[in-house]
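Residue numbers for the sequence shown, in mature numbering (1 follows the signal peptide of the UniProt record, and there is no 0): -22 to -1, 1 to 521.
For every residue, glycine included, the Cβ atom is placed at its ideal position computed from N, Cα and C.
Treat the numbers as computed from the prediction; the structure is a model and nothing was measured.
Just below is one structure, and these are the notes that go with it.
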Amino acid sequence: MARRIFALTLALALALCCAASAEVVENPNFVFDDLPLTEEPIEASVVIARHYNSGEPEDVWFWKFAEEFMGIRFQVELTDDAALYKQLSFAAGTMPDLYLDMNLSSTEIMTYGASEGQLLAVDEYITPEYMPNLYALLEEHPEWRSLITAADGHIYTFPRLAYEPDWSFAEGRYYLNSRWLEEMGLEMPETLDALIEALYAFKALDENNVPVGGADQAYNFEGYLLNALGYLARGQFSVGLRDGEVVFPFGDRERFGEFVTLMNQFYEDGILSPDYYTLDSTTVSSLIAEDRTLLIAQAPYVFVPNTYKEWACVTPLTSEWNDTKQWLPSSNYILLGALAISSNCAEEKLPALLKFVDWFYTEETYAFGGMGPLTSQKDYQMGMVSGWYMTEDRYTHYPDMDAGTSGFASEYDYQMGLIKGWFDGWGLQSMGGSQLLAGYENIGKQYNLEDGDDFYRYSVMQSLVPYVVEGFPDIVFFTPEQSEEIIDLKTTLENYAKEQVAAFVTGSRPLEELEDYFDELDGMGYQDYLQYYVDYYANYTAE
(Lines of atoms letter the chains of each structure in order from A and count residues from 1; the text may use other names and numbers.)
(Lines give C-alpha, C1' and ligand atoms only; values in the text may rest on other atoms or scores of the structure.)
Protein backbone atom coordinates (compact mmCIF):
# COMPACT_ATOMS: atom_id res chain seq x y z
CA MET A 1 0.00 0.00 0.00
CA ALA A 2 1.34 3.41 -0.87
CA ARG A 3 2.22 5.41 2.18
CA ARG A 4 -0.27 8.19 2.74
CA ILE A 5 0.79 11.45 4.31
CA PHE A 6 -1.98 13.28 6.07
CA ALA A 7 -1.93 16.90 4.97
CA LEU A 8 -2.78 19.70 7.35
CA THR A 9 -2.86 23.44 6.94
CA LEU A 10 -0.87 24.67 9.91
CA ALA A 11 -1.66 28.25 9.10
CA LEU A 12 -5.26 27.46 9.95
CA ALA A 13 -4.20 25.90 13.24
CA LEU A 14 -2.22 29.05 14.01
CA ALA A 15 -5.21 31.20 13.27
CA LEU A 16 -7.36 29.09 15.56
CA CYS A 17 -5.08 29.70 18.53
CA CYS A 18 -5.65 33.46 18.35
CA ALA A 19 -8.38 34.73 20.62
CA ALA A 20 -11.20 36.51 18.83
CA SER A 21 -12.83 37.76 21.98
CA ALA A 22 -12.65 37.12 25.68
CA GLU A 23 -16.17 38.32 26.43
CA VAL A 24 -17.91 36.18 29.02
CA VAL A 25 -21.36 35.06 27.99
CA GLU A 26 -24.09 33.46 30.04
CA ASN A 27 -24.22 29.73 29.52
CA PRO A 28 -27.59 28.06 29.06
CA ASN A 29 -29.06 26.43 32.12
CA PHE A 30 -30.49 23.19 30.87
CA VAL A 31 -31.13 19.74 32.25
CA PHE A 32 -30.99 16.37 30.52
CA ASP A 33 -34.58 15.27 30.07
CA ASP A 34 -33.69 11.60 29.64
CA LEU A 35 -32.47 11.11 33.21
CA PRO A 36 -32.67 8.97 35.26
CA LEU A 37 -31.85 6.05 33.02
CA THR A 38 -33.71 3.48 35.10
CA GLU A 39 -36.87 3.56 37.20
CA GLU A 40 -35.33 1.33 39.85
CA PRO A 41 -31.74 2.21 40.93
CA ILE A 42 -29.15 -0.49 40.34
CA GLU A 43 -25.61 -1.21 41.50
CA ALA A 44 -22.80 -2.17 39.13
CA SER A 45 -19.10 -2.89 39.53
CA VAL A 46 -16.44 -1.34 37.31
CA VAL A 47 -12.66 -1.58 37.16
CA ILE A 48 -10.57 1.27 35.75
CA ALA A 49 -6.86 1.54 34.99
CA ARG A 50 -5.26 4.00 37.39
CA HIS A 51 -3.23 6.82 35.87
CA TYR A 52 -0.73 9.09 37.59
CA ASN A 53 -3.41 11.73 38.19
CA SER A 54 -6.49 9.56 38.76
CA GLY A 55 -8.71 10.74 41.57
CA GLU A 56 -10.02 8.38 44.22
CA PRO A 57 -13.55 7.25 43.33
CA GLU A 58 -15.13 8.89 46.36
CA ASP A 59 -13.66 12.24 45.28
CA VAL A 60 -14.70 12.03 41.63
CA TRP A 61 -17.81 13.99 40.66
CA PHE A 62 -18.96 11.66 37.89
CA TRP A 63 -19.63 8.66 40.10
CA LYS A 64 -21.81 10.74 42.41
CA PHE A 65 -23.62 12.19 39.39
CA ALA A 66 -24.28 8.67 38.05
CA GLU A 67 -25.80 7.64 41.37
CA GLU A 68 -27.87 10.77 41.96
CA PHE A 69 -29.10 11.52 38.45
CA MET A 70 -28.69 8.36 36.37
CA GLY A 71 -29.85 5.85 38.95
CA ILE A 72 -26.70 3.72 38.87
CA ARG A 73 -24.46 3.30 41.89
CA PHE A 74 -21.05 2.18 40.71
CA GLN A 75 -18.66 0.21 42.88
CA VAL A 76 -15.40 1.53 41.43
CA GLU A 77 -12.06 -0.24 41.66
CA LEU A 78 -8.81 1.30 40.39
CA THR A 79 -5.99 -1.01 39.37
CA ASP A 80 -2.32 -0.08 39.13
CA ASP A 81 -1.62 -2.98 36.75
CA ALA A 82 -4.31 -3.31 34.11
CA ALA A 83 -2.59 -6.17 32.29
CA LEU A 84 -2.25 -8.27 35.43
CA TYR A 85 -5.78 -7.49 36.55
CA LYS A 86 -7.19 -8.66 33.23
CA GLN A 87 -5.14 -11.83 33.31
CA LEU A 88 -6.11 -12.76 36.87
CA SER A 89 -9.77 -11.75 36.73
CA PHE A 90 -10.47 -13.66 33.54
CA ALA A 91 -8.51 -16.69 34.76
CA ALA A 92 -10.43 -16.78 38.05
CA GLY A 93 -13.78 -15.79 36.57
CA THR A 94 -13.99 -12.81 38.94
CA MET A 95 -14.78 -10.20 36.29
CA PRO A 96 -16.54 -6.99 37.33
CA ASP A 97 -19.64 -5.90 35.44
CA LEU A 98 -17.65 -3.37 33.42
CA TYR A 99 -14.06 -2.98 32.23
CA LEU A 100 -13.38 0.73 31.59
CA ASP A 101 -10.17 2.22 30.18
CA MET A 102 -8.47 -1.17 30.48
CA ASN A 103 -7.09 -1.21 26.93
CA LEU A 104 -8.64 -4.48 25.86
CA SER A 105 -6.68 -5.52 22.79
CA SER A 106 -8.12 -7.27 19.75
CA THR A 107 -6.43 -10.54 20.75
CA GLU A 108 -7.85 -10.25 24.29
CA ILE A 109 -11.28 -9.53 22.83
CA MET A 110 -11.09 -12.66 20.69
CA THR A 111 -9.78 -14.79 23.54
CA TYR A 112 -12.04 -13.58 26.36
CA GLY A 113 -15.00 -12.77 24.13
CA ALA A 114 -15.21 -15.12 21.16
CA SER A 115 -13.42 -18.11 22.72
CA GLU A 116 -14.16 -17.98 26.44
CA GLY A 117 -17.46 -16.09 26.41
CA GLN A 118 -16.36 -13.93 29.34
CA LEU A 119 -17.05 -10.67 27.50
CA LEU A 120 -20.63 -10.10 26.47
CA ALA A 121 -21.35 -9.98 22.73
CA VAL A 122 -23.24 -6.69 22.55
CA ASP A 123 -24.05 -6.40 18.84
CA GLU A 124 -27.53 -7.83 19.40
CA TYR A 125 -28.28 -4.90 21.71
CA ILE A 126 -27.12 -2.15 19.34
CA THR A 127 -30.67 -1.49 18.21
CA PRO A 128 -33.04 1.51 18.15
CA GLU A 129 -34.72 0.08 21.25
CA TYR A 130 -31.68 -0.43 23.49
CA MET A 131 -29.00 1.89 22.10
CA PRO A 132 -30.51 4.42 19.67
CA ASN A 133 -27.51 6.79 19.66
CA LEU A 134 -24.88 4.17 18.87
CA TYR A 135 -27.21 2.41 16.44
CA ALA A 136 -27.71 5.62 14.45
CA LEU A 137 -23.97 6.30 14.31
CA LEU A 138 -23.14 2.83 13.04
CA GLU A 139 -25.93 3.03 10.46
CA GLU A 140 -24.51 6.35 9.28
CA HIS A 141 -20.94 4.99 9.27
CA PRO A 142 -20.94 1.26 8.41
CA GLU A 143 -17.13 1.42 8.18
CA TRP A 144 -17.08 2.02 11.93
CA ARG A 145 -19.11 -1.11 12.50
CA SER A 146 -16.64 -3.08 10.38
CA LEU A 147 -13.68 -1.78 12.40
CA ILE A 148 -15.11 -2.78 15.78
CA THR A 149 -16.55 -6.14 14.71
CA ALA A 150 -14.45 -9.13 15.73
CA ALA A 151 -13.45 -11.95 13.40
CA ASP A 152 -16.42 -14.07 14.53
CA GLY A 153 -18.89 -11.38 13.46
CA HIS A 154 -19.71 -10.09 16.95
CA ILE A 155 -18.97 -6.84 18.81
CA TYR A 156 -17.56 -7.25 22.31
CA THR A 157 -16.51 -3.74 23.33
CA PHE A 158 -17.96 -0.26 23.07
CA PRO A 159 -15.60 2.07 21.23
CA ARG A 160 -14.73 5.71 21.33
CA LEU A 161 -15.83 7.11 17.99
CA ALA A 162 -14.86 10.37 16.32
CA TYR A 163 -15.62 12.01 13.00
CA GLU A 164 -11.97 12.92 12.59
CA PRO A 165 -8.69 12.32 14.45
CA ASP A 166 -7.46 14.58 17.21
CA TRP A 167 -4.24 15.38 15.37
CA SER A 168 -2.63 16.80 18.51
CA PHE A 169 -2.37 13.23 19.79
CA ALA A 170 0.36 12.26 17.32
CA GLU A 171 2.24 9.28 18.72
CA GLY A 172 4.58 10.24 21.54
CA ARG A 173 5.09 13.45 23.48
CA TYR A 174 8.79 14.22 23.35
CA TYR A 175 10.19 17.61 24.35
CA LEU A 176 13.62 19.22 24.59
CA ASN A 177 14.40 22.17 26.84
CA SER A 178 14.86 25.06 24.41
CA ARG A 179 16.43 27.28 27.08
CA TRP A 180 19.22 24.78 27.65
CA LEU A 181 19.68 24.24 23.91
CA GLU A 182 20.08 27.99 23.45
CA GLU A 183 22.55 28.28 26.32
CA MET A 184 24.61 25.48 24.76
CA GLY A 185 24.47 27.18 21.36
CA LEU A 186 22.57 24.29 19.78
CA GLU A 187 19.54 24.11 17.50
CA MET A 188 16.63 21.72 17.78
CA PRO A 189 18.11 18.38 16.59
CA GLU A 190 17.12 17.26 13.12
CA THR A 191 19.32 14.14 13.10
CA LEU A 192 20.15 11.38 15.56
CA ASP A 193 23.76 12.56 15.67
CA ALA A 194 22.61 16.07 16.62
CA LEU A 195 20.44 14.67 19.41
CA ILE A 196 23.36 12.65 20.78
CA GLU A 197 25.55 15.76 20.67
CA ALA A 198 22.97 17.74 22.64
CA LEU A 199 22.52 15.05 25.30
CA TYR A 200 26.27 14.76 25.87
CA ALA A 201 26.71 18.54 25.91
CA PHE A 202 24.07 18.79 28.63
CA LYS A 203 25.77 16.05 30.65
CA ALA A 204 29.07 17.94 30.35
CA LEU A 205 27.51 20.99 32.03
CA ASP A 206 27.05 19.10 35.28
CA GLU A 207 27.80 15.47 36.11
CA ASN A 208 24.63 15.42 38.22
CA ASN A 209 22.49 16.09 35.16
CA VAL A 210 20.45 13.20 33.80
CA PRO A 211 19.90 14.24 30.17
CA VAL A 212 17.06 11.79 29.54
CA GLY A 213 14.21 12.59 31.91
CA GLY A 214 12.49 9.25 31.59
CA ALA A 215 12.73 5.59 32.54
CA ASP A 216 11.65 2.18 31.36
CA GLN A 217 8.37 2.27 33.29
CA ALA A 218 7.92 6.03 33.65
CA TYR A 219 7.69 8.45 30.74
CA ASN A 220 9.55 6.14 28.38
CA PHE A 221 11.41 7.99 25.62
CA GLU A 222 12.50 4.99 23.54
CA GLY A 223 9.97 5.56 20.76
CA TYR A 224 11.89 8.70 19.79
CA LEU A 225 15.07 6.67 19.22
CA LEU A 226 13.26 3.84 17.48
CA ASN A 227 11.73 6.36 15.09
CA ALA A 228 15.17 7.79 14.31
CA LEU A 229 16.28 4.29 13.34
CA GLY A 230 13.41 4.00 10.87
CA TYR A 231 10.78 2.19 12.93
CA LEU A 232 7.13 3.16 12.65
CA ALA A 233 6.10 1.40 15.84
CA ARG A 234 4.63 2.43 19.18
CA GLY A 235 7.39 0.79 21.18
CA GLN A 236 9.84 -2.10 21.29
CA PHE A 237 7.07 -4.66 21.64
CA SER A 238 4.49 -3.19 19.27
CA VAL A 239 4.04 -4.40 15.74
CA GLY A 240 5.12 -1.82 13.20
CA LEU A 241 6.90 -1.15 9.95
CA ARG A 242 10.57 -0.70 9.12
CA ASP A 243 11.39 0.20 5.53
CA GLY A 244 7.93 -1.04 4.60
CA GLU A 245 8.44 -4.46 6.23
CA VAL A 246 6.38 -5.74 9.14
CA VAL A 247 8.49 -6.05 12.29
CA PHE A 248 8.40 -6.16 16.04
CA PRO A 249 11.44 -4.04 16.92
CA PHE A 250 12.54 -6.28 19.80
CA GLY A 251 13.00 -9.22 17.41
CA ASP A 252 14.29 -7.36 14.36
CA ARG A 253 17.74 -8.79 13.72
CA GLU A 254 18.53 -6.21 11.02
CA ARG A 255 18.37 -3.04 13.11
CA PHE A 256 17.30 -3.49 16.72
CA GLY A 257 20.88 -4.21 17.74
CA GLU A 258 21.71 -0.58 16.86
CA PHE A 259 19.08 0.57 19.33
CA VAL A 260 20.35 -1.70 22.09
CA THR A 261 23.95 -0.62 21.46
CA LEU A 262 23.03 3.06 21.69
CA MET A 263 21.02 2.51 24.85
CA ASN A 264 23.98 0.68 26.39
CA GLN A 265 26.22 3.62 25.50
CA PHE A 266 23.74 6.04 27.07
CA TYR A 267 23.56 3.93 30.21
CA GLU A 268 27.33 3.62 30.58
CA ASP A 269 27.88 7.36 30.01
CA GLY A 270 25.22 8.62 32.40
CA ILE A 271 22.86 9.90 29.72
CA LEU A 272 20.29 7.59 31.29
CA SER A 273 19.73 7.30 35.01
CA PRO A 274 21.67 4.44 36.64
CA ASP A 275 18.24 3.40 37.94
CA TYR A 276 16.63 3.51 34.50
CA TYR A 277 14.85 0.19 34.95
CA THR A 278 13.50 0.88 38.43
CA LEU A 279 12.65 4.60 38.50
CA ASP A 280 9.02 5.46 39.10
CA SER A 281 7.07 8.45 37.81
CA THR A 282 7.45 10.41 41.05
CA THR A 283 11.25 10.26 40.92
CA VAL A 284 11.35 11.14 37.22
CA SER A 285 9.03 14.08 37.84
CA SER A 286 11.35 15.34 40.57
CA LEU A 287 14.38 15.20 38.25
CA ILE A 288 12.53 17.25 35.66
CA ALA A 289 11.24 19.76 38.21
CA GLU A 290 14.82 20.21 39.47
CA ASP A 291 15.89 21.28 35.94
CA ARG A 292 18.35 18.38 35.62
CA THR A 293 17.03 16.95 32.36
CA LEU A 294 17.08 17.93 28.69
CA LEU A 295 14.70 15.42 27.06
CA ILE A 296 11.31 14.42 28.44
CA ALA A 297 8.54 12.15 27.21
CA GLN A 298 5.37 13.84 28.40
CA ALA A 299 3.57 17.15 28.06
CA PRO A 300 5.82 19.68 29.88
CA TYR A 301 3.09 21.27 32.01
CA VAL A 302 2.66 17.96 33.82
CA PHE A 303 6.09 18.49 35.43
CA VAL A 304 6.71 22.25 35.28
CA PRO A 305 3.36 24.07 35.15
CA ASN A 306 5.01 27.50 35.44
CA THR A 307 7.77 27.07 32.84
CA TYR A 308 6.27 24.71 30.27
CA LYS A 309 6.91 27.19 27.46
CA GLU A 310 10.65 26.55 27.83
CA TRP A 311 10.11 23.10 26.34
CA ALA A 312 9.87 22.58 22.58
CA CYS A 313 8.30 19.59 20.86
CA VAL A 314 10.85 17.52 18.96
CA THR A 315 10.78 16.93 15.23
CA PRO A 316 11.36 13.46 13.71
CA LEU A 317 15.04 12.59 13.30
CA THR A 318 16.94 11.17 10.37
CA SER A 319 20.01 8.96 10.76
CA GLU A 320 22.40 6.78 8.79
CA TRP A 321 19.70 4.09 8.94
CA ASN A 322 16.78 6.36 8.09
CA ASP A 323 16.74 9.23 5.61
CA THR A 324 13.04 10.12 5.91
CA LYS A 325 11.31 12.21 8.55
CA GLN A 326 8.15 10.33 9.41
CA TRP A 327 5.87 9.92 12.40
CA LEU A 328 2.90 7.86 13.45
CA PRO A 329 -0.48 9.43 14.14
CA SER A 330 -2.14 8.71 17.43
CA SER A 331 -3.48 5.20 17.82
CA ASN A 332 -6.65 4.90 15.81
CA TYR A 333 -9.16 7.60 16.68
CA ILE A 334 -11.71 4.80 16.58
CA LEU A 335 -10.62 3.41 19.94
CA LEU A 336 -11.27 -0.28 20.41
CA GLY A 337 -11.63 -1.88 23.82
CA ALA A 338 -12.59 1.27 25.72
CA LEU A 339 -15.52 -0.28 27.60
CA ALA A 340 -16.77 -3.86 27.88
CA ILE A 341 -19.52 -5.67 29.77
CA SER A 342 -18.53 -9.01 31.25
CA SER A 343 -20.58 -12.18 31.29
CA ASN A 344 -20.79 -11.84 35.09
CA CYS A 345 -23.17 -8.91 34.69
CA ALA A 346 -26.63 -9.92 35.90
CA GLU A 347 -29.30 -9.86 33.20
CA GLU A 348 -31.56 -7.54 35.16
CA LYS A 349 -28.85 -4.84 35.17
CA LEU A 350 -28.30 -4.97 31.44
CA PRO A 351 -31.03 -2.58 30.19
CA ALA A 352 -29.87 0.22 32.49
CA LEU A 353 -26.19 -0.32 31.69
CA LEU A 354 -26.88 -0.32 27.95
CA LYS A 355 -28.71 2.99 28.33
CA PHE A 356 -25.78 4.29 30.36
CA VAL A 357 -23.30 3.34 27.66
CA ASP A 358 -25.47 4.73 24.88
CA TRP A 359 -26.00 8.05 26.65
CA PHE A 360 -22.44 9.12 25.80
CA TYR A 361 -22.76 8.62 22.04
CA THR A 362 -23.60 12.27 21.40
CA GLU A 363 -21.08 15.08 21.19
CA GLU A 364 -22.65 17.02 24.05
CA THR A 365 -22.96 14.16 26.52
CA TYR A 366 -19.43 12.95 25.80
CA ALA A 367 -18.15 16.44 26.62
CA PHE A 368 -20.32 16.57 29.74
CA GLY A 369 -18.93 13.28 31.03
CA GLY A 370 -15.35 14.43 30.62
CA MET A 371 -15.67 18.08 31.62
CA GLY A 372 -18.45 18.03 34.17
CA PRO A 373 -21.38 20.45 34.52
CA LEU A 374 -21.51 24.07 33.44
CA THR A 375 -21.39 26.79 36.08
CA SER A 376 -25.10 27.31 35.45
CA GLN A 377 -25.98 23.67 36.13
CA LYS A 378 -26.05 24.07 39.90
CA ASP A 379 -28.03 20.93 40.66
CA TYR A 380 -25.60 18.76 38.75
CA GLN A 381 -22.62 20.16 40.67
CA MET A 382 -23.80 18.60 43.96
CA GLY A 383 -21.36 20.74 45.92
CA MET A 384 -18.43 18.73 44.54
CA VAL A 385 -17.40 21.01 41.67
CA SER A 386 -18.00 24.63 40.67
CA GLY A 387 -18.57 23.93 36.98
CA TRP A 388 -17.06 25.53 33.90
CA TYR A 389 -18.04 28.19 31.40
CA MET A 390 -16.98 29.18 27.91
CA THR A 391 -16.21 32.59 26.46
CA GLU A 392 -16.90 33.60 22.87
CA ASP A 393 -13.32 32.82 21.89
CA ARG A 394 -14.26 29.20 22.70
CA TYR A 395 -11.87 28.98 25.65
CA THR A 396 -13.16 27.00 28.61
CA HIS A 397 -12.69 28.21 32.16
CA TYR A 398 -13.00 26.48 35.50
CA PRO A 399 -13.37 29.30 38.07
CA ASP A 400 -11.34 27.57 40.76
CA MET A 401 -8.59 26.79 38.23
CA ASP A 402 -8.52 30.43 37.11
CA ALA A 403 -8.38 31.54 40.74
CA GLY A 404 -5.53 29.15 41.51
CA THR A 405 -7.49 27.49 44.30
CA SER A 406 -8.17 24.09 42.74
CA GLY A 407 -4.98 22.38 43.88
CA PHE A 408 -4.38 21.03 40.37
CA ALA A 409 -1.61 21.99 37.93
CA SER A 410 -3.75 21.85 34.78
CA GLU A 411 -7.29 21.42 33.52
CA TYR A 412 -6.39 17.87 32.49
CA ASP A 413 -5.22 16.99 36.02
CA TYR A 414 -8.35 18.69 37.37
CA GLN A 415 -10.60 16.59 35.15
CA MET A 416 -8.76 13.35 35.93
CA GLY A 417 -8.61 13.98 39.65
CA LEU A 418 -12.00 15.52 40.29
CA ILE A 419 -14.36 15.24 37.33
CA LYS A 420 -14.17 11.84 35.60
CA GLY A 421 -11.26 9.70 36.77
CA TRP A 422 -10.65 7.74 33.56
CA PHE A 423 -8.33 8.48 30.65
CA ASP A 424 -9.66 6.81 27.49
CA GLY A 425 -13.41 6.52 27.53
CA TRP A 426 -16.17 5.56 25.15
CA GLY A 427 -18.74 7.62 23.26
CA LEU A 428 -18.72 10.16 20.43
CA GLN A 429 -15.68 12.38 20.84
CA SER A 430 -15.69 15.79 19.21
CA MET A 431 -13.15 18.59 19.38
CA GLY A 432 -16.10 20.98 19.56
CA GLY A 433 -18.50 19.03 21.76
CA SER A 434 -17.97 21.43 24.63
CA GLN A 435 -18.95 24.31 22.35
CA LEU A 436 -22.27 22.63 21.59
CA LEU A 437 -22.78 21.89 25.27
CA ALA A 438 -22.17 25.55 26.11
CA GLY A 439 -24.67 26.68 23.50
CA TYR A 440 -22.27 27.80 20.78
CA GLU A 441 -21.80 26.79 17.18
CA ASN A 442 -19.06 24.17 16.84
CA ILE A 443 -16.16 25.84 15.02
CA GLY A 444 -13.52 23.28 15.97
CA LYS A 445 -10.68 23.22 18.45
CA GLN A 446 -9.32 26.58 19.61
CA TYR A 447 -5.82 26.59 21.13
CA ASN A 448 -5.25 28.77 24.17
CA LEU A 449 -1.46 28.95 24.41
CA GLU A 450 -1.67 30.17 27.99
CA ASP A 451 -3.01 26.75 28.93
CA GLY A 452 -0.37 24.06 29.34
CA ASP A 453 -2.44 21.30 27.76
CA ASP A 454 -3.33 23.41 24.73
CA PHE A 455 0.29 24.54 24.42
CA TYR A 456 1.59 21.00 24.17
CA ARG A 457 -1.09 19.98 21.68
CA TYR A 458 -0.44 22.99 19.48
CA SER A 459 3.31 22.34 19.52
CA VAL A 460 2.64 18.76 18.40
CA MET A 461 0.56 20.15 15.54
CA GLN A 462 3.50 22.27 14.44
CA SER A 463 6.42 19.89 14.93
CA LEU A 464 5.14 16.34 14.41
CA VAL A 465 1.87 16.30 12.53
CA PRO A 466 3.37 17.48 9.20
CA TYR A 467 5.36 14.23 9.13
CA VAL A 468 2.51 11.85 9.97
CA VAL A 469 2.27 8.80 7.73
CA GLU A 470 0.23 5.64 7.74
CA GLY A 471 1.64 2.71 9.70
CA PHE A 472 0.49 -0.79 10.57
CA PRO A 473 -3.29 -0.75 11.19
CA ASP A 474 -4.22 -0.24 14.83
CA ILE A 475 -7.26 -2.50 14.90
CA VAL A 476 -6.42 -6.08 13.95
CA PHE A 477 -8.59 -9.15 14.54
CA PHE A 478 -7.44 -12.75 14.24
CA THR A 479 -9.50 -15.92 14.60
CA PRO A 480 -10.03 -17.26 18.13
CA GLU A 481 -7.48 -20.03 17.53
CA GLN A 482 -4.90 -17.60 16.18
CA SER A 483 -5.55 -15.18 19.05
CA GLU A 484 -4.88 -17.85 21.66
CA GLU A 485 -1.60 -18.79 19.97
CA ILE A 486 -0.61 -15.13 19.62
CA ILE A 487 -1.27 -14.41 23.30
CA ASP A 488 0.84 -17.40 24.36
CA LEU A 489 3.72 -16.40 22.07
CA LYS A 490 3.46 -12.74 23.04
CA THR A 491 3.68 -13.52 26.75
CA THR A 492 6.66 -15.86 26.37
CA LEU A 493 8.61 -13.68 23.93
CA GLU A 494 8.02 -10.34 25.63
CA ASN A 495 8.87 -11.58 29.10
CA TYR A 496 12.16 -13.00 27.86
CA ALA A 497 13.01 -10.05 25.64
CA LYS A 498 12.36 -7.46 28.36
CA GLU A 499 14.75 -9.27 30.65
CA GLN A 500 17.46 -9.66 28.01
CA VAL A 501 17.23 -6.13 26.59
CA ALA A 502 17.63 -4.73 30.10
CA ALA A 503 20.66 -6.99 30.56
CA PHE A 504 22.26 -5.70 27.35
CA VAL A 505 21.58 -2.07 28.22
CA THR A 506 22.96 -2.31 31.75
CA GLY A 507 25.96 -4.37 30.65
CA SER A 508 25.17 -7.55 32.54
CA ARG A 509 25.02 -9.33 29.18
CA PRO A 510 27.71 -8.43 26.60
CA LEU A 511 26.66 -6.85 23.32
CA GLU A 512 28.67 -9.52 21.52
CA GLU A 513 25.81 -11.90 22.31
CA LEU A 514 23.16 -9.95 20.40
CA GLU A 515 23.08 -12.51 17.59
CA ASP A 516 22.60 -15.24 20.18
CA TYR A 517 19.66 -13.26 21.58
CA PHE A 518 17.93 -13.15 18.19
CA ASP A 519 18.59 -16.88 17.73
CA GLU A 520 17.03 -17.52 21.14
CA LEU A 521 13.90 -15.57 20.18
CA ASP A 522 13.61 -17.53 16.95
CA GLY A 523 13.89 -20.73 18.94
CA MET A 524 11.01 -19.56 21.13
CA GLY A 525 8.70 -18.95 18.17
CA TYR A 526 9.39 -15.34 17.20
CA GLN A 527 9.16 -16.03 13.46
CA ASP A 528 5.80 -17.76 13.92
CA TYR A 529 4.59 -14.79 15.99
CA LEU A 530 5.75 -12.33 13.36
CA GLN A 531 4.26 -14.32 10.49
CA TYR A 532 0.71 -13.83 11.77
CA TYR A 533 1.16 -10.08 11.33
CA VAL A 534 3.06 -10.35 8.05
CA ASP A 535 0.19 -12.35 6.58
CA TYR A 536 -2.40 -9.97 7.99
CA TYR A 537 -0.64 -6.94 6.53
CA ALA A 538 -0.33 -8.62 3.14
CA ASN A 539 -4.09 -9.14 3.05
CA TYR A 540 -4.72 -5.64 4.38
CA THR A 541 -2.62 -3.95 1.71
CA ALA A 542 -4.12 -6.11 -1.02
CA GLU A 543 -7.66 -4.92 -0.27
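The DSSP-derived three-state label of residue 381 is coil. Under the three-state reduction of DSSP, residue 62 is assigned to helix. The alpha carbon of residue 215 has as its nearest neighbour, out of 507, 520 and 513, the alpha carbon of 507. By the Cβ-count criterion, residue 50 is buried, with 16 or more other Cβ atoms from all chains shown falling within 10 Å of its own Cβ. Collapsing the DSSP output to three states places residue 317 in a strand.
For the stretch 261 to 340, the full-length beta strand (DSSP E) segments reaching 3 residues or more read 289 to 291 and 313 to 319 along the chain. Taking a cut-off of 8 angstroms for Cβ pairs, the stretch 364 to 383 and the stretch 422 to 432 touch, as three or more such pairs fall below it. Scanning its chain for C-beta atoms nearer than 8 angstroms, with the 5 sequence neighbours on each side dropped, one finds around residue 320 the residues 73, 74, 75, 76, 77, 96, 97 and 98, in chain order. Beta bridge pairing from DSSP links residue 193 with 196. Taking the CA atoms as reference points, residue 250 sits about 40 angstroms from residue 70. Secondary structure in the stretch 139 to 170: the alpha helix (DSSP H) runs of 4 residues or longer, each lying completely within the stretch, are 156 to 161 in chain order. 468 is the residue among 198, 232 and 468 whose C-alpha sits nearest the C-alpha of residue 85. The continuous alpha helix (DSSP H) containing residue 413 extends over residues 411 to 415. Residue nearest to residue 521 within the set 451, 354 and 41 is 451 (criterion: CA-CA distance). Fewer than three beta-carbon pairs drawn from the stretch 496 to 506 and the stretch 199 to 212 are found closer than 8 angstroms, and the two stretches are therefore not classed as touching. Sorting 180, 150 and 149 by C-alpha distance to the C-alpha of residue 160 places 180 at the top.
For residue 84, the uninterrupted alpha helix (DSSP H) segment begins and ends at 84 to 87.
For residue 233, there is no enclosing alpha helix (DSSP H), as DSSP marks it with neither H nor E.
Residue burial annotation: residue 83 is buried, with at least 16 other C-beta atoms found within 10 angstroms of its C-beta.
In the structure shown, residue 458 falls within a helical segment according to DSSP collapsed to helix, strand and coil. Residue 273 sits close to residue 154, with the two beta carbons spaced by under 9 angstroms. Contact between residue 283 and residue 388 is confirmed by a C-beta separation of about 6 angstroms, below the 8 angstroms threshold.
Just measuring C-alpha positions, the residue of 317, 258 and 420 sitting nearest residue 133 is 317.
With three or more CB-CB distances shorter than 8 angstroms, the stretch 332 to 339 counts as touching the stretch 400 to 418. Relative to residue 186, the option among 261, 105 and 271 whose CA is nearest is 271. Judged by DSSP secondary structure, residue 116 falls outside any beta strand (DSSP E) and instead within the alpha helix (DSSP H) spanning 110 to 118. Taking the Cα positions, residue 127 is about 21 angstroms away from residue 323. For residue 359, the secondary structure class from DSSP, reduced to helix, strand or coil, is helix. The alpha-carbon of residue 366 is positioned some 7 angstroms away from that of residue 377.
Going by beta carbons, residue 295 and residue 173 fall inside the 9 angstroms limit. DSSP places residue 435 inside the alpha helix (DSSP H), whose first and last residues are 430 to 441. Around the beta carbon of residue 111, a 10 Å sphere encloses 16 or more other beta carbons of the protein chains shown; the residue is thus reported as buried. In this structure the stretch 164 to 173 does not touch the stretch 462 to 476; the number of beta carbon pairs closer than 8 angstroms is below three. The beta carbons of residue 88 and residue 457 sit closer together than 9 angstroms. About 6 angstroms separates the Cβ atoms of residue 314 and residue 137, confirming a contact at the 8 angstroms cut-off. Per DSSP, the continuous beta strand (DSSP E) segment holding residue 21 begins and ends at 20 to 27.
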